[in-house]
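Position one of the sequence shown corresponds to residue 301 (the working numbering), numbered consecutively onward. Working notes, beginning with the structure itself.
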Amino acid sequence: MADQGRTDRLLRSLRLRPTVPSPARPAPEPVAVDTVPRTAASCIVDAGIYVAGRRIATPGTFEEAFRLLDEHPEGFAWMGLYRPRHSDMSLLAEEFRLSPLAVEDTITAHQRPKFERYEDVLFLVLRAAQYIDRSETVDFGEVHAFVGDRFVVTVRHSETPDLTRVRQELEGTPSVLAKGPSVVLLRLLDGIVDDYTPVAMGIENDIDEIETQVFTGSSRVSRRIYQLSREVIDFQRAVRPLKQIIEGVRGDRVFASAGERRRQELRDIEDHAIAMIERIDALRETLKGTLDLNISLQAQRQNEEISNMTAASLKQAEETRRIAAWAGVLFVPSLVTGTYGMNFHTMPELAWVWGYPFALALMLVTGVGMYTVFKLKGWL
301 MADQGRTDRL
311 LRSLRLRPTV
321 PSPARPAPEP
331 VAVDTVPRTA
341 ASCIVDAGIY
351 VAGRRIATPG
361 TFEEAFRLLD
371 EHPEGFAWMG
381 LYRPRHSDMS
391 LLAEEFRLSP
401 LAVEDTITAH
411 QRPKFERYED
421 VLFLVLRAAQ
431 YIDRSETVDF
441 GEVHAFVGDR
451 FVVTVRHSET
461 PDLTRVRQEL
471 EGTPSVLAKG
481 PSVVLLRLLD
491 GIVDDYTPVA
501 MGIENDIDEI
511 ETQVFTGSSR
521 VSRRIYQLSR
531 EVIDFQRAVR
541 PLKQIIEGVR
551 GDRVFASAGE
561 RRRQELRDIE
571 DHAIAMIERI
581 DALRETLKGT
591 LDLNISLQAQ
601 RQNEEISNMT
611 AASLKQAEET
621 RRIAAWAGVL
631 FVPSLVTGTY
641 GMNFHTMPEL
651 AWVWGYPFAL
661 ALMLVTGVGM
671 YTVFKLKGWL
């Protein structure tokens, strides 16, 4: 009977089609079922079978997890995967009736944050973020979550986020975890939103440092502003879709039977997400103002440098004119003395009684005349 049930689920998965049309791209090929037996799944980071909010088993393979679910119909599975292969996702698609479109998105990764309902399975893509103090950069990660009535599958392609804390907190409160997959989804959203706060604080500190560097004239500040601007834009793209995602989760049937407390928690997560969206918008505006200030200060420094260079050039030109003027003043006396210093026997002025006074007067008059002209022109 178990084999017959497994065969029926296989046939249903091969006929599975998404209920939400996607005109932006053609539908990929249905996920092929991997018929090769597997003894282990290296992509499984942590897997647990939970009954009444308590972990009763930690399966190491997909087949073991499926068997334990069949043996405990009142329980559910929570499987955390890291970089699963196509064959891994094929096994999950067969057992949990996952949409081929969602599976394809999970395998290829690099998806935008979104919320989609495929028949009995809720599919979410969330962007996580972590601030790295050592390098003063933001590391962005991606989480794909499949949520059904009896299972939660989370898929990561990077180290961010670490979902261990979320699992440990839930396992520490069995009465909460007993509510099933909807609570896991709720705490997953809450954990990712909470992790945004240290990132925003780190970016704010970076902006404060940049503002100081702007006024000190650091040569690396322009590149740092550009890098931080890209991080803020990526952060904004990760957080902004959360409002629509949470609204979709609230209206989904996975929360239809949730109690008022769960709905209040979801509203609280939404409030935090909205506050973070506004905070990131403010960070982007602040960074934009810092960039404008840096451009203005750079232009001011360049103008000051150009002004100093112009003043130096004018001073140099003035010195050149002064030297040229004195050279002109001394040119005529030098010409007269040079002329009468030549050793020619026939020079009428040499025998003239007024020749020497005439030469002195000529040098004096021309020198004074040229000095007066240059003085009037401002060269001296």
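The beta-carbon is built from N, C-alpha and C at its ideal position, and this holds for glycine as well. Just so it is clear, the structure is predicted and the values come from calculations on it, not from any experiment.
- Query: What residues in its chain sit with their C-beta under 8 Å from that of Arg622, if we drop five residues either side in the sequence?
  - Reply: Trp679, Leu680
- Query: Does DSSP put Met642 in a helix, in a strand, or in coil?
  - Reply: coil
- Whose C-alpha, out of Pro481, Thr620, Gly559, Ala429, is nearest the C-alpha of Gly448? Pro481
- Message: Would Val514 and Thr590 qualify as a contact pair, given that the criterion is a beta-carbon distance under 8 Å?
- Response: yes
- Item | Local conformation of Trp378 per DSSP, three classes | strand
- Under three-state DSSP, which class holds Gln430? strand
- Segments assigned beta strand (DSSP E), at least 3 residues, entirely inside the segment 403-474: 414-418, 421-432, 437-447, 451-456
- Kindly indicate which three-state DSSP category Ala332 falls into: helix, strand or coil? Any reading at Ala332 must be qualified, since the residue scores a pLDDT of 37, below 50, and its modelled position is unreliable; the value itself is stated next. Coil.
- Compare the Cα-Cα distances from Glu578 to each of Arg562, Phe535, Asn594, Glu604 and report the closest residue. Phe535
- State yes or no: is the C-beta of Phe658 within less than 8 Å of the C-beta of Val629? no
- Which class does Asp346 belong to by DSSP, given the choice of helix, strand or coil? strand
- Per DSSP, which residues does Val351 bridge with? Please list them. Arg354
- Minimum C-alpha distance to Gly667 - residue among Ala627, Lys677, Ser519: Ala627
- Item | Sequence ranges, alpha helix (DSSP H) only - wholly within the segment 476-552, length at least 4 | 481-516, 521-539, 542-551
- Task: Provide the residue span of the alpha helix (DSSP H) that contains Arg367, from first to last.
- Result: 362-371
- Item | Contact test: Ala402 Cβ vs the ligand MG heavy atom, cutoff 7 Å | The ligand MG is absent from the structure shown, which contains no ligand whatsoever.
- Task: Would you grab the beta carbon distance between Met538 and Phe423 for me? Rounded to a whole angstrom, and I think it's under 8 Å.
- Result: Note that residue 538 is Ala in the sequence shown, not Met. About 18 Å; that fails the 8 Å criterion.
- Measure the CB-CB distance between Glu471 and Arg562 and report whether it falls below 8 Å. no
- Message: The alpha helix (DSSP H) that contains Val665, what's its start and end?
- Response: 655-676
- Message: Does Arg622 come out as helix, strand or coil in the three-state DSSP assignment?
- Response: helix
- Only counting runs of 4 or more residues, tell me where the alpha helix (DSSP H) segments fall wholly within the segment 552-633, in order along the chain. none
- Query: Which class does Met389 belong to by DSSP, given the choice of helix, strand or coil?
  - Reply: helix
- Query: Hey, how far is the Cα of Arg524 from the Cα of Ile510?
  - Reply: 8 Å
- Quick one: using the 10 Å Cβ neighbour count with 16 as the cut-off for buried, is Pro461 buried or exposed? buried
- Message: Comparing C-alpha positions only, which one of His372, Gly559, Ile574 sits nearest to Lys543?
- Response: Ile574
- Message: Rounded to whole angstroms, what is the Cα-Cα separation between Phe366 and Gln430?
- Response: 34 Å
- Message: Between the alpha carbons of Arg434 and Asp388, how many angstroms are there, rounded?
- Response: 35 Å
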